[in-house]
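*Asks:* If you read the sequences in order, they're chains W and G. According to the working numbering, the stretch in the first sequence is residues 105 to 642, in order. According to the working numbering, the stretch in the second sequence is residues 14 to 333, in order. Ideal placement from N, C-alpha and C gives every residue a C-beta, glycine not left out. Quantities reported herein were computed from a predicted structural model and do not represent experimental measurements.
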Amino acid sequence: MEKRGRKGTPSISRRRLLSQTGLALAGASAGLTPAALRDLARAVAAPQAAPKRGGTLTISQSVDINTLHPWNGTLNVWKVTKTNIYDQLSYQDPTTFQVKPKLAKSFVWTDNNTSLVIALPSGVTFHNGEKLTAEDVKFTLDSIRDPKVGSWLRGFIAPIKDVQVLDDTHLKIKTETIENQLIPAFTYVDIVPRSLGTDLAKKTPIGSGPYKFVEWIPNDRVTLERNPNYWNEARAGHVDKIILRPVTELQTRISQLLAGDVDLVYDFSLQEVPRLRADKSIAVAVVPPADQMFLVYLNMRKPPFNKVEMRQAMGWALDRQGFIKNFLAGLGRVDNSPFTPQHWAFNPKTENAYSYNPDTVGKLMEKAGYPKGRGLTFSFLVPSGYPEFKQISTLLQATFAAAGYRPAIEEVDIAQWAARLNQSKDFFAAVDYPPRGSTDPALTYSAGLFFPPVPANYLGLTPDMIPGYVDEIRKGATTLERGTRKAAYTKVQELWLEYLPGPIYCHRSTAHAHRPYVSGFVPHPAFQQSFADVWLAK
Amino acid sequence: MARYLIWRAVSVVPTLLGITVLVFLVTYFIPGDPALVLAGAEAPPEVVASLRHQWGLDQPIYVRYGVWMANIARGNLGESYFSHQTVLRLVGRAFPVTFELALLALVVAVAIAVPTGIISAVRPSSWFDLGATAVGFIGLSIPGFWLGIMLIYLFGAELRWLPAGGFTPLSSGLPANMRSMILPAIALGTFASTQLMRYLRAGMLDVLNADYIRTARAKGLAAAMVLMRHAMRNALIPFMTVLGVQMGYLLGGTVITESVFALPGIGRLVLNAILNRDYQVAVGIILLIAAAFVLVNLVVDLLYPVLDPRVRLGQATSWR
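#1: Quick one: what's got a C-beta closer than 6 Å to G/Val25's C-beta in the same chain, skipping five residues either side?
#2: Of all Cβ atoms in chain W, is any one closer than 9 Å to the Cβ of G/Phe108?
#3: Confirm, please, whether the CB-CB distance from W/Ala472 to G/Leu49 is below 9 Å.
#4: Threshold first: 4 residues or longer. Then list the alpha helix (DSSP H) segments lying entirely within the stretch 446 to 508 of chain W, N to C.
#5: Is the CB-CB distance between G/Phe168 and G/Leu187 below 9 Å?
#6: I'd like to know whether the C-beta of G/Leu288 is nearer than 9 Å to at least one C-beta of chain W.
#7: What residue does the beta strand (DSSP E) around W/Pro350 start on, and which one ends it?
#8: Taking only beta-carbon atoms, is W/Val369 less than 9 Å away from chain G?
#9: Is it right to say G/Phe150 is buried, meaning 16 or more other beta carbons lie within 10 angstroms of its own, or is it exposed?
#10: Can you name the start and end residues of the alpha helix (DSSP H) that W/Glu598 belongs to?
#11: Between the alpha carbons of G/Ile74 and G/Phe42, how many angstroms are there, rounded?
#12: How many whole angstroms separate the CB atoms of G/Met191 and G/Gly130, which I take to be in contact at a CB cut-off of 8 Å?
#13: The alpha helix (DSSP H) spanning W/Pro378 covers which residue range?
#14: Go through its chain and collect everything with a Cβ distance to W/Val184's Cβ below 6 Å, but skip five positions before and after it.
#15: What residues of chain G sit near W/Asn176, judged by a beta carbon separation below 7 Å?
#16: G/Arg246 by DSSP, collapsed to three states: which one?
#17: Kindly indicate which three-state DSSP category W/Glu645 falls into: helix, strand or coil?
#18: In chain W, what lies closer than 7 Å to G/Pro57 by C-beta?
#19: Please confirm if G/Leu103 has its CB atom under 9 Å from at least one CB of chain W.
#20: Quickly, what does DSSP pair W/Tyr195 with across the bridge? List them, please.
#21: Given this structure, state the Cα-to-Cα distance separating G/Ala205 from W/Asn188, to the nearest angstrom.
#22: Note down the Cα distance separating G/Arg173 from W/Gln165, rounded to an integer number of angstroms.
#23: Mapping the DSSP letters down to three states, classify G/Lys232 as helix, strand or coil.
#24: Going by Cα to Cα distance, which pick from W/Gly508, W/Thr352, W/Ala534 and W/Gln495 is closest to G/Leu284?
#25: Put W/Ala617 into one of helix, strand or coil per three-state DSSP.
#26: Straight-line CA distance for W/Ala387 to W/Tyr460?
#27: 9 Å is my cut-off, CB to CB: does G/Leu282 come that close to chain W?
#28: Alpha carbons only, please: which of W/Leu270, W/Glu413, W/Val438 and W/Leu565 is nearest the one belonging to W/Arg66?
#29: Could you tell me whether any Cβ in chain G is nearer than 9 Å to the Cβ of W/Ser133?
#30: Would you tell me roughly how many angstroms separate the C-alpha atoms of W/Ala208 and W/Phe555, rounded to the nearest one?
#31: Helix, strand or coil: how does DSSP classify W/Ile264 here?
#32: Kindly say whether W/Lys429, judged by its beta-carbon, lies nearer than 9 Å to any beta-carbon of chain G.
#33: Suppose you measure from the CA of G/Met238 to the CA of G/Ile132; what does that come to, to the nearest Å?
#34: Between which residues of its own chain and W/Gly126 is the CB-CB distance below 7 Å, once the five residues before and five after are set aside?
#35: So G/Asp46 contacts chain W; which residues on that side make the cut at Cβ distance below 9 Å?
#36: Closest Cβ-Cβ distance between W/Phe625 and chain G: below 9 Å?
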């Protein structure tokens, strides 16, 4: 990345030192290779000169955004874009993974822990010049809670019962009890001026973030420009303009970077990392494996995965280490839990709870009533364009084939895949890599996959299927006492592994590459990527 | 001539109507839901239902089709569920890119195919002919995306002579625009050139063996005159038909080239619309592509009498 000057004393800010140390520690505990650790350290290495203002940062992403609505779009490329346009009440630190206040000055539980009081700074203005007040935050939260708005974030803030404005800079969020998922959920909530209303998909995005939206030309680019009046000087943007280009073809994206046509390739296949690391004109930034987890959804509504033995067989069927080595360029970590060891909620007992054992797969199939695969019928549903899902499915297919039954792999496009999982429930097994392994477990376990009352639970998991499971999740979500929380989530992880509604196989890193003059880029584990710290040393 | 034109214009209406029905039915039966694409698989059912209601997707197919056709009659092809831009605006922005690409690709194809096809026909079974045929087969066999990636890597990333993908509009200047279009035009045009070359070669061989060519030679006309004035003109008639069809294919078949070179053309627009189940955009574009295809063929038909005086549109041809 930045080359050290021959003269002068290297300088490093306290913030950057903490970032560097935190990320390196996170990477080391995540089991990263020395090369990956070197990338990490380089990614947050202190630039010699003070950050420069100006220039245009051109970024290529794999797909185009599909909406301008801040609360409705779910694509990572949109998260990357809108994180820079809007302010959120909180943010997840990309180096320590801790959730911290961003727009909010503080969060305090009061009223016998049934109210969360949020303090806001004064003097914040939206890009259209309007003043940001507690009324705008209330409007945003109330709108997301309204089912007519159609926001996927509704479930994230479902515990909110009421939002009360105390004054221009304070508001009170009423709940029935402490809800630990709320503050991490606020990292996803983009604050919008109430004057815009809720029909935001047809309007130019107006936020209060460090960058203003300029234009979206579908399939060509999204352009942002620096907000010169950003309220928080410490988090203000450096580059004048950001252009985000959707470039579908991976090799084109890499060639564009090598040619200098783009400055940064955001999120690309891990298999390209060794090749790009070897190129001295490119800097690679790898996020430690902590947030996205590979797992397989098993449909428990029907045979064969209504039987715990068949689900456990799926847990023993993948050569996780082989997959990571051969298909993730070693940039992953074998895990049976949503969390990795650096997370406070990680249960060490989950390590090696399931590993690769084809003999056990055969025995469990027999125990389930399918000796040598007789009478067994299931298949893997795979979305096209996600090679890693197919690779895992193929490895699983080979293990089951060796045990006597060869499941089919059915490849469909992503829209069909989502519809079959979510609407028709017409599937047996489907690999995915859901996020949120690095955030607070209260948010992790509020997701459809893990939390049975949520209708979007693809697995067909119901609260009664795992005795005590939902109670432990709620216990962890509704107390501030760390010991109690840890005990609750320890139990939750053990119950999950015993009943195994969906085997978790491993976590994956994410990789980004940029030209050496791109300074201050620290990749975010959950794609809530800020480019405010990025500047161009050229 | 006028009657013929009217008849041809009217005859495209049932074709286009049939296409609208077919496309609408296909999009209806493809599994997948734009509301789910936008809201994400984790979205609660009431959220997905709310989006479906906003977009009118909870209406029966015949109601949706009727509304769409009524809008078309008013010149409104609808708007994207996602970007909320009108189909005409999206197409208006993307079509010039695709048209420019197709046109340049056709120029590349013709520039390769015409001399190669003629020389191959004039010297059949020569080393040139055999070489051209072999190269043609290779050209047909090479996947377009592979050629595109190789061109990008060589001329973009390694030599850095040309941009490695991306589009520069004409408004930024012709040289910059041309630089961004050269590689995609070569990638797309190379494939088309092999087909055109083989077609022209076959046509020329037929013509060169015809009696009137022998007569022309017997009259003592120069070889170049025989070739250019007598053989070429007749061989170009079927070639022009193929050229017209090829232009139609190029206009409608740029998806891969546009994806590889990151060009914001019609191909990518329609591909993303289909993947996102953005029905309005997908159906609107397919209708426009079909209309363009029909129009290009009509233009080619009208060009016939220019090339062949024996052809009279709208009249019975008399052969004496």
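*Replies:* Let me lay it out:
#1: Excluding residues up to 5 positions away in sequence, Val307 lie with their Cβ nearer than 6 Å to the Cβ of G/Val25 in the same chain.
#2: Judged by the 9 Å Cβ criterion, G/Phe108 is not in contact with chain W.
#3: Cβ atoms of G/Leu49 and W/Ala472: not closer than 9 Å.
#4: Counting only runs of 4 or more, we get 462 to 471 and 491 to 506.
#5: No, the Cβ-Cβ distance between G/Phe168 and G/Leu187 is not below 9 Å.
#6: Interface flag for G/Leu288 against chain W is set, since a Cβ pair is found closer than 9 Å.
#7: Segment Lys345 to Pro350, the beta strand (DSSP E) holding W/Pro350.
#8: Under the Cβ distance rule, W/Val369 does not count among the residues neighbouring chain G, no pair being separated by less than 9 Å.
#9: With a threshold of 16 other beta carbon atoms within 10 Å, G/Phe150 falls short and is exposed.
#10: Where W/Glu598 is concerned, the enclosing alpha helix (DSSP H) stretches over Arg586 to Tyr603.
#11: C-alpha of G/Ile74 to C-alpha of G/Phe42: approximately 10 Å in a straight line.
#12: At roughly 26 Å, the Cβ-Cβ gap does not stay under 8 Å, so G/Met191 and G/Gly130 are not in contact.
#13: Where W/Pro378 is concerned, the enclosing alpha helix (DSSP H) stretches over Val377 to Arg381.
#14: Cβ neighbours of W/Val184 beyond the five flanking positions: Phe631 and Gln633.
#15: Within 7 Å Cβ-Cβ: Leu51 and Ala52.
#16: G/Arg246 falls in the helix class under three-state DSSP.
#17: With chain W running from 105 to 642 in the structure shown, residue 645 of chain W is simply not present.
#18: The answer, in chain order, is Arg258, Gly259, Pro559 and Ala560.
#19: The Cβ of G/Leu103 sits closer than 9 Å to at least one Cβ of chain W.
#20: Paired residues: W/Lys204.
#21: When the Cα atoms are used, G/Ala205 and W/Asn188 turn out to be separated by approximately 44 Å.
#22: Their backbone Cα atoms lie some 21 Å apart in a straight line.
#23: Here G/Lys232 sits in coil by DSSP.
#24: With distances taken between Cα atoms, G/Leu284 lies closest to W/Thr352.
#25: Collapsing the DSSP output to three states places W/Ala617 in a strand.
#26: Taking the straight line from one Cα to the other gives about 35 Å.
#27: At least one chain W Cβ lies under 9 Å of G/Leu282.
#28: Since the displayed chain W opens at 105 and closes at 642, residue 66 of chain W lies outside it and no answer follows.
#29: In this predicted model, W/Ser133 has a pLDDT of only 49, less than 50, meaning its place in the structure is not dependable enough to derive any value.
#30: The straight-line gap from Cα to Cα measures roughly 28 Å.
#31: It is coil, neither helix nor strand.
#32: Interface with chain G (9 Å Cβ-Cβ cutoff): W/Lys429 is excluded.
#33: Approximately 15 Å, taken between the alpha carbons.
#34: Bear in mind that the predicted position of W/Gly126 carries a pLDDT of just 49, short of 50, making it unreliable; the figure below should be weighed with that in mind. Apart from the 5 residues on each side of it in sequence, W/Gly126 sits with its Cβ closer than 7 Å to the Cβ of Thr199 and Thr200 in its chain, given in chain order.
#35: Chain W residues near G/Asp46: Ala519, Ala522, Ala523, Asn526 and Gln527.
#36: For W/Phe625, the answer is no, since every Cβ of chain G falls outside 9 Å of its Cβ.
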